[in-house]
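Residue numbers (my numbering): 8 to 577. Virtual Cβ for every residue (Gly too), placed ideally from N, Cα, C. Below is one structure, written out as structure tokens; comments come after it.
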Ligand SMILES: [Zn+2]
Ligand SMILES: [Zn+2]
């Protein structure tokens with residue numbers, strides 16, 4: 008009786024507007040934010056960004072890149088309207104190529120961002136049929152129930168765009184990564200009138216960048232950095248080498264301008280820089296005639312007539328900067344009296360690698376300049392006064408801090424309240440926040456997690472092979488192989504192989520002997536007729552070997568026991 012049921016209750020749920028992060032809330036990196044609209048059992052989704060993060064320290068041996076787990080979306084694939092990329096930083100775009108086939112939907116991006124994606128795709132040698140829908144800067148498009156308008160913001164890469172997402176339940180402003188730089192050197196300054204008009208129109212919620220929510224004031228402009236770099240290069244006596252984030256086109260331009268003003272030649276070293284320069288020329292951010300000298304000519308130029316711009320500001324071992332510091336670069340070398348400028352910030356986790364490079368440069372007699380010594384870098388994220396300004400323009404009812412660790416989200420939440428925002432909700436990855444109707448609150452959970460890039464494969468983080476390697480790295484492995492006869496007698500000597508285990512204990516007893524006596528003692532203790540249960544034998548031997556090594560060494564290695572039955576007497 009369907010009619011009855013409709014009348015009595017369980018009406019089709021009312022349309023809701025929800026927000027949930029698969030990455031990016033509670034961390035800086037791996038951004039993947041979802042907006043959903045519709046009744047709770049039939050929502051349609053829009054994914055904003057699909058980025059990567061990097062492992063910190065050496066907890067995950069053999070893993071260089073971490074992706075968000077998209078399980079939640081893979082189950083809802085048919086309801087996903089598309090992926091919008093706010094800008095081409097790896098923490099926002101880095102997972103698109105490797106995870107796109109799991110979703111199979113169009114990717115919306117502005118020309119520079121799309122150009123970066125295409126350039127990566129070409130380098131990747133991939134023929135993935137990713138439908139890239141290029142949206143003009145400050146353009147507008149429809150995706151499912153979402154009407155999306157882009158607003159160009161300043162950041163540390165061209166075309167970082169805030170998204171105005173209009174739905175029947177209200178208008179959202181997803182800021183993306185931004186700062187309020189009125190002289191950004193490249194691209195336009197944030198359109199204050201546009202943001203203010205949006206406030207007049209009525210903003211339901213701002214979902215905003217929290218990276219610098221703990222820092223007071225306003226961050227300096229890219230133009231201030233350009234001026235400072237120009238002065239440093241002008242006064243440098245010998246060779247100058249500058250390393251920066253390859254994607255920072257404004258910084259590339261600043262270094263090129265400083266070089267020309269000092270009457271020097273620019274050399275560019277590092278594939279990532281060449282890729283960005285090509286895309287920036289194609290999209291008009293660097294002039295068609297942007298000129299630099301090939302790195303092979305570096306040595307031929309007079310020491311006072313050259314500036315080399317290179318990759319590797321984060322200490323990446325294969326990038327140009329690390330090879331120059333090791334004196335292993337084929338074309339570029341430094342000597343006493345030269346200067347190295349780190350026009351960058353060291354991302355947490357890379358301090359050791361960067362420190363190592365800076366120390367070896369100092370040992371060579373090279374003067375190292377970082378953002379601690381001079382204004383050679385600025386952040387691309389809003390400090391507290393810039394956040395206050397954004398709230399004053401947009402006047403939202405709700406604020407949700409994003410793009411930050413717990414402490415950044417909390418600081419941003421407090422500031423939003425101070426700015427008069429009525430409803431402020433801190434949420435973490437997987438917590439589904441209902442923005443409308445009613446007051447903001449967490450209503451559900453979505454499955455979230457991390458995937459590791461492990462060689463050519465993508466593997467789960469929790470129960471995957473990396474967890475085993477962590478154990479192996481800590482205490483090594485012992486493999487024991489033994490053969491029993493049908494009657495349960497040991498046939499020959501057990502074979503023992505050990506990796507990562509000390510050869511002997513502190514009394515000089517070989518570890519192999521300790522293993523063998525544990526094996527033999529265990530077998531003796533099991534009655535012969537029960538030894539036919541090979542599984543039981545293997546487990547008993549495993550425990551005994553592990554215990555024997557633990558009392559000799561104080562650590563428990565992974566122990567594997569292989570058993571087999573051999574036909575014959577015995
Ligand atoms: Zn970011
Ligand atoms: Zn960014």
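Across the set 70, 30, 50 and 26, the C-alpha of 70 shows the shortest separation from the C-alpha of residue 466. For residue 97, the number of other beta carbons within 10 angstroms of its own is at least 16, and it is reported as buried. Residue 411 is positioned such that its CB atom lies closer than 8 Å to that of residue 218.
Annotation for residue 87: the continuous beta strand (DSSP E) segment containing it runs 87–91. Linking residue 450 to residue 157 through their CA atoms gives a straight-line distance of about 29 Å. Annotated three-state conformation of residue 32 is strand, per DSSP. Residues lining ligand 2 by the Cβ criterion, that is a Cβ closer than 5 Å to any of its heavy atoms, are 96 and 184 in chain order.
Secondary structure at residue 232: helix, using DSSP grouped into helix, strand and coil. In the DSSP assignment, residue 252 falls outside any alpha helix (DSSP H), carrying neither H nor E. The shortest CA-to-CA distance from residue 287 to any of 132, 508, 193 and 140 is the one to 193. Residue 448: member of the beta strand (DSSP E) spanning 448–452, first to last residue.
CA-CA distance, residue 266 to residue 29, rounds to 43 Å.
The DSSP assignment places complete alpha helix (DSSP H) segments of no fewer than 4 residues inside the stretch 479–543 at 518–532, in order along the chain. Contact annotation: residue 280 and residue 318 have beta-carbon atoms nearer than 8 Å. The Cβ-Cβ distance between residue 95 and residue 119 falls below 8 Å. Of the other Cβ atoms in all chains shown, fewer than 16 fall within 10 Å of the Cβ of residue 481; this residue is therefore exposed. Judged by their CB atoms, residue 479 and residue 565 are nearer to each other than the 8 Å cut-off. Around the beta carbon of residue 295, fewer than 16 other beta carbons sit within 10 angstroms, so the residue counts as exposed. Checking the 7 Å criterion, the Cβ of residue 98 is within range of a heavy atom belonging to ligand 1.
Of the other Cβ atoms in all chains shown, fewer than 16 fall within 10 Å of the Cβ of residue 369; this residue is therefore exposed.
In this structure, the beta-carbon distance from residue 55 to residue 91 falls below 8 Å. The Cβ atoms of residue 523 and residue 503 sit closer than 8 Å to each other. Nearest in C-alpha terms to residue 560, of all of 550, 513, 574 and 568, is 513. By the neighbour-count definition (other C-beta atoms within 10 Å, threshold 16), residue 67 is a buried residue. A Cβ-Cβ contact shorter than 8 Å links residue 172 with residue 181. Contact annotation: the stretch 230–240 does not touch the stretch 397–411, with fewer than three C-beta pairs closer than 8 Å. Classified as exposed, residue 303 has fewer than 16 neighbouring CB atoms from the shown chains inside 10 Å of its CB.
Going by beta carbons, residue 73 and residue 391 fall outside the 8 Å limit. Ranking 485, 500 and 385 by CA distance to the CA of residue 506 puts 485 first. Comparing alpha-carbon positions, the option among 500, 178 and 154 lying closest to residue 527 turns out to be 500. Rounded to whole angstroms, the separation of the alpha carbons of residue 99 and residue 168 is 12 Å.
When Cβ pairs closer than 8 Å are counted between the two stretches, the stretch 256–263 is seen not to touch the stretch 352–369, the count staying below three.
Taking a cut-off of 8 Å for Cβ pairs, the stretch 328–346 and the stretch 369–380 touch, as three or more such pairs fall below it. The residues 135, in chain order, have a CB closer than 8 Å to that of residue 108 in the same chain once the five nearest residues on each side in sequence are set aside. Checking the DSSP bridge columns, you'll see residue 53 partnered with 42. Contact between residue 81 and residue 117 does not hold, since the beta-carbon distance rounds to 27 Å and is not under 8 Å.
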